Amino acid sequence: MKNGFAIQTDMLTKVYGSGNTEVVAMQEATMNVSRGEVVALLGPSGSGKSTFLTAIGLINPPTSGRVFIGGQLVLEGSRANTNLRAFRRKHLGFVFQKANLIPFLSALENVEIALEINGSSRRAARSRAMELLDYLGVGDRAENLPSMLSGGQQQRVAVARALANHPSVILADEPTAALDSHRGRQVMELFAQVAHEQSAGVVVVTHDHRALDVFDTLYEMEDGVIRKQSGVEAS
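According to full-length UniProt numbering, the residues represented by the sequence shown are 1 to 235, in order.
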């Protein structure tokens, strides 16, 4: 697969159960995401979006099909070609609907811990964490506990944590669901900024149609099938 892509999926299918209880949650899902591209995946609840996201996030492997990250074949069906846990830590960043910050750690410490788990020294982790908080506009809140931050600020800290280890891929699952329209748009614009400036491939699963103009490409998922929307790619 071409090395210019951050993510490539080839005919991903996920089947649960068998016989009369068989459920096809994802059918031959194919998506290409370039480095520096931010993609939205739309669709109703139960359409298979989370199944797809957990497959490319190397959490819930597909029944069949292939997943490439940065041009490397990582999954062939449920068979892994690498240590998935180590690969996730190094190459993937995750942002969820809730920021899921550790409540008794400051914003700075919440980012530092992701770096220290991956082997960074305390000094290097603090420097990188502060750099990211400044980059995302919450450096002045570095010493605040999560309870002292707004929802939008908490999500910015969560994005900083996701970026900590220089991932080539960022995956976000309904990151604006708990935010008002203004803060939601700010977070969506932040993902576009991260994709374009950090050369990361970003996939955002969302029901939020209020800020779709910030995305380079839109995909829609229904009944487990992904379709690229025509005429929506940004120039």
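Using N, Cα and C, we set each Cβ at its ideal position, and we do this for glycine too. Since the structure is predicted, the reported quantities are computational estimates derived from the model, not experimental observations.
### Query
Which word fits ILE226, buried or exposed, when buried means at least 16 other C-beta atoms lie within 10 angstroms of its C-beta?
Looking at its Cβ environment, which holds 16 or more other Cβ atoms inside 10 Å, ILE226 is buried.
### Message
From the DSSP secondary-structure annotation, give me the bridge partner or partners of SER64.
### Response
SER64 is bridged to THR13.
#### Entry: When THR9, ASN60, GLY71 and GLY137 are compared against LEU84, the one with the closest alpha-carbon
Nearest option by C-alpha distance: ASN60.
### Task
Tell me whether ALA55 counts as near the ligand SAH, meaning its Cβ is closer than 7 Å to at least one heavy atom of that ligand.
As presented, the structure is devoid of all ligands, the ligand SAH included, so that no description of it is given.
### Query
Grouping DSSP H, G and I as helix and E and B as strand, with all else coil, what is ILE113?
Here ILE113 sits in helix by DSSP.
### Message
According to DSSP, is GLN27 part of a helix, a strand, or is it coil?
### Response
In this structure, GLN27 counts as strand in the three-state DSSP scheme.
### Message
Just to confirm the assignment, what range does the alpha helix (DSSP H) spanning ASP173 have?
### Response
From DSSP, ASP173 is part of no alpha helix (DSSP H) but of the beta strand (DSSP E) over 169–173.
### Query
What span of residues does the alpha helix (DSSP H) with GLU131 cover, start to end?
Per DSSP, the continuous alpha helix (DSSP H) segment holding GLU131 begins and ends at 122–135.
### Task
Check whether the Cβ atoms of PHE94 and GLY152 lie closer than 8 Å to each other.
No, they are not a contact pair.
### Query
Does DSSP put ILE69 in a helix, a strand or coil?
ILE69: strand per DSSP, three-state reduction.
### Buried or exposed by the 16-neighbour rule on C-beta atoms within 10 Å, applied to ALA86
Under this definition ALA86 is an exposed residue.
### Task
Rounded to whole angstroms, what's the CA-CA distance from LEU171 to PHE96? Just pull it up for me.
For LEU171 and PHE96, the distance between alpha carbons rounds to 8 Å.
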